[in-house]
Amino acid sequence: IARLGDEYARVSIVQSGIGNISEGDVKTALAGSAHALIIGFNVGIDSVAEPLARERNVQFEFFNIIYKLTERMEELLRSAQPKRTVEEIVGRAKILKVFSSRKDEHVFGGAISEGYLGKNSTVRIVRRKVVVGEGKLLNIQANKQNVDRAEAPSEFGAQLESSFEPAEGDIIECFTSKIV
């Protein structure tokens, strides 16, 4: 059980022992952590300890099958992990020509080298391998037709909303974000 978890959520065993869960076990849990959980394996709880645990909102659970205990601990650890945003690059393109730039709106042409660019997608502007800005693709054209998506290998025109002005030679990275 002590080996379960990862860098985001871990099990910390404050005390272990044999016999029924006692009043002392409940008091130790109260002194330890706000998220303390008393685990009993093939044991019960003393008649004094149970009302104290309920009164003080100390959680306790009992198991008699080891894999059920392990599954429950893994479930608790998953729910305790902080939510993280994971980004996946779904397409890259090189800007070949910037046609116009007004305030936060830029029109340019480019060539998709891998993946795809999608209308309303969030993109990064990369210059010399350094991210210099982010924006949103408001419109994409392929063969002078408005499209929702342009895929590699192809050339395209796009309208970008960004406070950063793109330049010829910049790389546009289209990415998706999801919370895990």
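Residue numbering for the sequence shown follows my numbering, beginning at -2 and increasing consecutively.
In this text, a Cβ means the ideal position worked out from N, Cα and C, and glycines have one as well.
The model shown is predicted, which means the values in this text are computed figures rather than measured ones.
Boundaries of the beta strand (DSSP E) in which residue i is found, first to last residue
i, result
"residue 112", "102 to 115"
"residue 147", "146 to 148"
"residue 4", "Taken as a continuous stretch (DSSP letters only), residue 4 belongs to no beta strand (DSSP E), as it is neither H nor E."
Terminal residues of the alpha helix (DSSP H) in which residue i lies
i, result
"residue 23", "20 to 29"
"residue 66", "63 to 77"
"residue 49", "46 to 52"
DSSP-derived helix/strand/coil call for residue i
i, result
"residue 134", "strand"
Given residue i as reference, the closest of the options once Cα atoms are compared
i, options, result
"residue 10", "4, 138, 70, 146", "70"
"residue 32", "146, 55, 111, 148", "55"
"residue 231", "82, 86, 95", "With the chain covering -2 to 177 only, the question about residue 231 has no answer from this structure."
"residue 76", "8, 172, 138", "8"
"residue 260", "72, 83, 17, 147", "For the chain, the structure presents residues -2 to 177; residue 260 sits outside this window and is missing."
Buried or exposed by the 16-neighbour rule on C-beta atoms within 10 Å, applied to residue i
i, result
"residue 79", "exposed"
"residue 163", "buried"
* Asked: For the 8 Å Cβ check, are there 3 or more pairs between the region 148 to 162 and the region 120 to 132?
  -> yes
* **At least three beta-carbon pairs within less than 8 Å, the region 100 to 115 to the region 142 to 155** => yes
* Inspect the CB distances between the region 33 to 46 and the region 54 to 69 and report whether three or more fall short of 8 Å. => yes
* Asked: Taking three-plus beta-carbon pairs below 8 Å as touching, is the region 62 to 73 in contact with the region 43 to 54?
  -> The region 62 to 73 vs the region 43 to 54: no contact.
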